[in-house]
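Scroll down for the structure; my scribbles are underneath it.
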Amino acid sequence: MSSVIIVILVTLGTLFVLLSAIGLVRMPDTYMRISVNTKAATLGVGLILVGTAVFFNDLSTTSRSLVIILFVFLTAPVSAHLIGRASYFMGVKLWKGSIMDDLRGKYQKNSYILKSEIDDTPENNVDHSKMNDK
Amino acid sequence: MTLTDYLYYIILPVLAFSVLLIVYRFIKGPSIADKIIALDVLITTGIGIIGVYSIIHGRSTFLDTAMILALIAFLSTVAFSYYLEKRNRKK
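Chains as they are written, first to last, in the numbering used here: chain A, 1 to 134; chain B, 1 to 91.
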């Protein structure tokens, strides 16, 4: 019985990891790749670790895998936010099919402040339509 | 087909194939941010592979390695993005 549960959990986790890898290759844009990384890969690894916890059926292993799951679930959004912010400041362009850029003209170039409306000093704004290709 | 055979002959090759796809993005990645994301996903997939290996061999000690890898992944991503912003700021 428990091996059926393990097979289901590990198969689902592996499928999510495979889908995240395919998405990492196929997505047209850095920001979409970040979203693939944060959601699919994290869920897949979480399912695989729950599978190990079911397999060993033991308090110390269960607590260990739960700690890993908690840690991965806590840190994946933080690191995705940090790397997305850094790449936005670096001038990594959005995909040309993207419809809108909510942050356009709102990040300040030197002070790194995010304003809630488009500022009236355009030379200080991070604007991808005026930047060179990176 | 036992659980070990299933994990060894079906699950591990699929995970290895996804590692190959991620390495392709890591080598090709047009910007440096793509490479950092690919590194992060690579380590996350490595945690999954370590979990599958610990089921196959029946040793729960391998999970400690997975914990340390998760720590290193977070630390490296934070450090890389911090220095990217810093390099950008100096210009």
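Just so it is clear, CB atoms sit at the ideal spot from N, CA and C, and this is done for glycine as well.
Quantities reported herein were computed from a predicted structural model and do not represent experimental measurements.
At least one C-beta of chain B is nearer than 8 Å to the C-beta of R33(A). Shown here, N125(A) sits in a strand according to DSSP, grouped into three states. Contact of N125(A) with chain B is not assigned, every C-beta pair being separated by 8 Å or more.
A contact is defined here as three or more CB-CB pairs under 8 Å, and the region 13–20 of chain A meets this definition with respect to the region 14–21 of chain B. As computed with DSSP, L114(A) is found in a beta bridge with Y107(A). For A41(A), there is no enclosing alpha helix (DSSP H), as DSSP marks it with neither H nor E. At a cut-off of 8 Å between beta-carbon atoms, M90(A) makes contact with chain B.
If you compare the alpha carbons of K115(A), D58(A), Y31(A) with that of L94(A), the shortest gap goes to Y31(A). For the region 49–71 of chain A, the set of positions with a beta-carbon nearer than 9 Å to some beta-carbon of chain B reads L49, G51, T52, F55, F56, D58, S60, T61, R64, S65, V67, I68, F71 in chain order. By the neighbour-count definition (other C-beta atoms within 10 Å, threshold 16), V50(A) is a buried residue. From the beta-carbon of G44(A), the residues of chain B found nearer than 7 Å are G48.
One thing to note: S79(A) has its Cβ within 8 Å of the Cβ of D40(B). Apart from the 5 residues on each side of it in sequence, G44(A) sits with its Cβ closer than 6 Å to the Cβ of G13, F16, V17 in its chain, given in chain order.
Of the residues assessed, G84(A) falls on the buried side of the cut-off, its CB having 16 or more other CB atoms within 10 angstroms. Within chain A, the residues placing a beta-carbon under 9 Å from that of T45(B) are V17, S20, A21, A41, G44, V45, ordered along the chain.
Contact with chain B is absent for L103(A), since none of that chain's Cβ atoms lies less than 8 Å from the residue's Cβ.
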